[in-house]
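Report on the following structure.
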Amino acid sequence: MTPLTSYLMVAAMLFAIGLAGALTRRNAILVLIGIELMLNAANLNLIAFWRYGPHPEALTGMMFAIFSIAVAAAEAAVGLGLVIQIHRHAHSTDLDAMNRMKG
Amino acid sequence: MIETMDQSFVLLQHWVVGFLPLALRPFAVVVLGVVGIVAVFPGLFALSVLLERKGLGRMQNRLGPNRVGPYGILQPIADGIKSLTKEDIVPLSADAAVHFLAPLVLVVAAFLGFAVLPMGRNMVLVDMDASLLFYFAIGASTELSIFMAGWSSRNKYSLLGAMRGVAQMISYEVPLLMSSVAVVMISGSLSLVKIVEAQNHYTWGLPHWYIFTPWGFAGFLLYAIASTAETNRCPFDLPEGESELVAGYFTEYSGFKFALFFLGEYLAMFSISGIGATLFLGGWSAPFEFLTWVPSWIWFFSKLMLSIVVFIWVRGTLPRLRQDQLMNFAWKFVLPLTMLNLFVAGLWRFLGEGWMRWVVCSAILMVAYVAMGRIGMRREHFGPRRYRYAE
Amino acid sequence: MSVVFYLLSGLTLAGGLAAILLKNTVHCALALTVAFAGLALLFLSLDAQFAGFAQILVYIGAVAILVVFAILLTRGSETPKDGVYSHHWPLGLVIAAGVFAVLGWAVLQSARVLPNETAVPSVTVLQIGNALMSRYVLPLEIVALLMTAAMIGAVIVAMHEKEGAK
């Protein structure tokens, strides 16, 4: 396996782990943790392709990854604010219990 | 001869490494540098602990420790023996793994910060292109260890202290970064080595340190305020206030782990003062041109110890700020001033050489400082107190 | 591949697994921090120093602390009585395994056409700054706008309602 392929496999594994976490946990914050893992796996993909692809001096991959880090931080902030407000309203963060629009 | 004294540690390092085979040489250079850092800075820690207790004692009109050795010089050794031999008590309901790891994370992060500090001419452990960014990234990791310490103790006071500490540290992180960005902008590089070299010039015998410019002076003061808050020192030490919260986030730590926390805190103080000296006070460059014969590392460590003495002095003088006053100060006063400082630094560069830029920049900063102070000092209407609880 | 790569990727994957498997939510957040640190080191091993330091500064210094604060404010450290995994956890696992199978197959299939060893790119912060101000200035400004909107939005969403409007 070439170095690029190994990095891509690690990123794919991390993505799958994040997806499994987002789909199988009850707590809303754990779902957000899974989403952060998925975003990080995508960043790893970007940087690996930047490093081993043609024209690394164009900095495209690194720039994309940096903007992705910034956007992920903003999205985590808003998402966690939403979770806090949901907790205030429903007094729990259990996603299995929040399966109805009423309330 | 002067050159030899100045480069004595570098020459010593090269001489020792010369005995080893070629393959091991890069590792040996780094290992020797690390050994030097691990030997010097804990030694400075012992010295400054003693300095703090004696200094605070004198400021409070009492003698400090003076039983152990003449003038209490052997007190740090006594403290070390005490902390090593005290029983290590871990509460029953505490989270054992996190409780154990918290001081380790703090000390590791504190030591990592020294890797990019230029302690003399050619005396930096790792010369990276983005070394200032590395330092601030590592500094942001210390907040996590404070949270780990406070949460794992399962103690209301620890958790409260940890939450306050983390909130304070993230609030003052932004002014800390912004006041250093002005320096980065003017010197054109994130590398600390290049920042020192940009300040190492002399005009009429006076140095080009950034503190001698209007934006540099304001930046230095803002950096000093932000670094006092980042290291949880008085007047910003409500998270560990001894009369308020027992001992804040390290209430449940005893013996060696407490000593590790103490060590980590003082090491953070050293590295942040070192960075402040590098950014604003010219790092290892001498104050006057006729004094350049003194070795560069002596100047660096003198500036470092001067900053520590000022930290201790401020601790003995000013009262503690309340948490909401502290956060108000950060977001409503320090942050706008750092942003204005950035703009003024740009103006400084843009206006070109001459007396004009001194007048314009100083005027803008003075007007802004007075205006923000007046706005903050408006008489508040005192009415019935309204509480906002976290739910 | 070198030992360093295996160690770092092992650390990252172990952190990720711990982050989704542990019962205590705060332990999950701390394991997530370990995963972030492992990823930052992987970036450094890929010669992307700026991205690595930005990862530490933003993710470990801000996002991890945000997650921890949110866990504490929503009383997440108390274990729920119905268990920590949702009812439909086998389905979630199957979907994740399916996604991994597809991605892995795609990567291994195209291993022939992917580039192999290339020269180490030397990227200085000066080049990044120049690129940000010339070629990527529009994304920079849009991200600044996005951050302002996200900050204001997060404050408004998480704010207490006023006393009278309840």
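Keeping their order, the protein sequence lines are chains A, B and C. Our numbering puts the first residue of the first sequence at 3, with every later residue one more than the last. Our numbering puts the first residue of the second sequence at 5, with every later residue one more than the last. Our numbering puts the first residue of the third sequence at 9, with every later residue one more than the last. Beta carbons: idealized from backbone N, C-alpha and C, even for Gly. All values derive from a computational prediction rather than experimental measurement.
In this structure V197/B is in contact with P122/B, their Cβ atoms being roughly 5 Å apart against a cut-off of 8 Å.
Not a single C-beta of chain C is nearer than 7 Å to the C-beta of D131/B. The beta carbon of F51/C sits closer than 7 Å to some beta carbon of chain A. Counting only the Cα atoms, A186/B lies some 36 Å from L16/B. At a beta-carbon threshold of 7 Å, the residues of chain B lying near V34/C are W155, ordered along the chain. With contact defined as three or more Cβ pairs closer than 8 Å, the stretch 151-165 of chain B and the stretch 271-287 of chain B are not in contact.
Residue environment: G165/B is assigned as buried (16 or more neighbouring CB atoms within 10 Å of its CB, all protein chains considered). In the DSSP assignment, the residues bridged to R27/A are Y93/C.
The alpha carbon of V73/A has as its nearest neighbour, out of A26/C, L153/C, M141/C and I73/C, the alpha carbon of L153/C. Between P107/B and S157/B the beta-carbon gap is near 12 Å, outside 8 Å, which marks them as no contact.
For P5/A, the closest of V107/C, A22/C, A162/C and A119/C by C-alpha to C-alpha distance is A119/C.
When only Cα atoms are considered, A114/C and Y54/A end up about 17 Å apart. Using a Cβ-Cβ distance cut-off of 8 Å, the stretch 30-45 of chain C and the stretch 67-77 of chain C are in contact, since at least three pairs of beta carbons, one from each stretch, lie closer than that value. Against chain C, the beta carbon of V170/B has neighbours under 7 Å at I73, listed in chain order. Boundaries of the alpha helix (DSSP H) around V75/C: A72 to L81.
By the beta-carbon neighbour count (other beta carbons within 10 angstroms, threshold 16), P388/B is exposed. At least one C-beta of chain A is nearer than 7 Å to the C-beta of W97/C. Boundaries cannot be given for Y393/B, as no alpha helix (DSSP H) includes it and DSSP labels it neither H nor E.
Counting the other Cβ atoms within 10 Å of the Cβ of G20/A gives 16 or more, which makes it buried. Cβ proximity to chain C below 8 Å picks out G36, E38, L39, N42, N45, L46 and I49 from the stretch 36-49 of chain A. Taking each of W352/B, R378/B and I379/B in turn and checking the Cα distance to A367/B, the smallest one comes out for W352/B. Per DSSP, L121/B is not a residue of any alpha helix (DSSP H), being assigned neither H nor E.
By the criterion of a C-beta distance shorter than 8 Å, D92/B is surrounded in its chain by S258, G259, F260 and K261, once the five residues flanking it on both sides are discounted.
Here P211/B carries a strand assignment [DSSP, helix/strand/coil]. Shown in chain order are the members of the stretch 53-68 of chain C whose Cβ falls below 8 Å from a Cβ of chain A: L54, D55, A56, F58, A59, A62, Q63, V66 and Y67.
Against chain C, the CB of F138/B has a partner CB under 7 Å away; the residue lies at that interface. The criterion of a C-beta distance shorter than 7 Å is not satisfied by L16/A and G100/C. Interface flag for L341/B against chain C is unset, since no Cβ pair is found closer than 7 Å. For M65/A, the enclosing alpha helix (DSSP H) stretches over residues T62 to A92. Residues of chain C whose Cβ lies closer than 9 Å to the Cβ of R53/A are, in chain order, L54, D55, A56, T126, V128 and P129. The straight-line gap separating the alpha-carbon atoms of F305/B and W208/B is approximately 25 Å. Per the coordinates, the alpha-carbon of A263/B lies some 11 Å from the alpha-carbon of I85/B. Within the DSSP bridge table, the entry for Y206/B names P211/B as partners. Contact check for V188/B against L194/B passes: the beta carbons are separated by less than 7 Å. At a cut-off of 7 Å between beta-carbon atoms, T132/C makes contact with chain B. Beta bridge pairing from DSSP links D96/A with N29/A.
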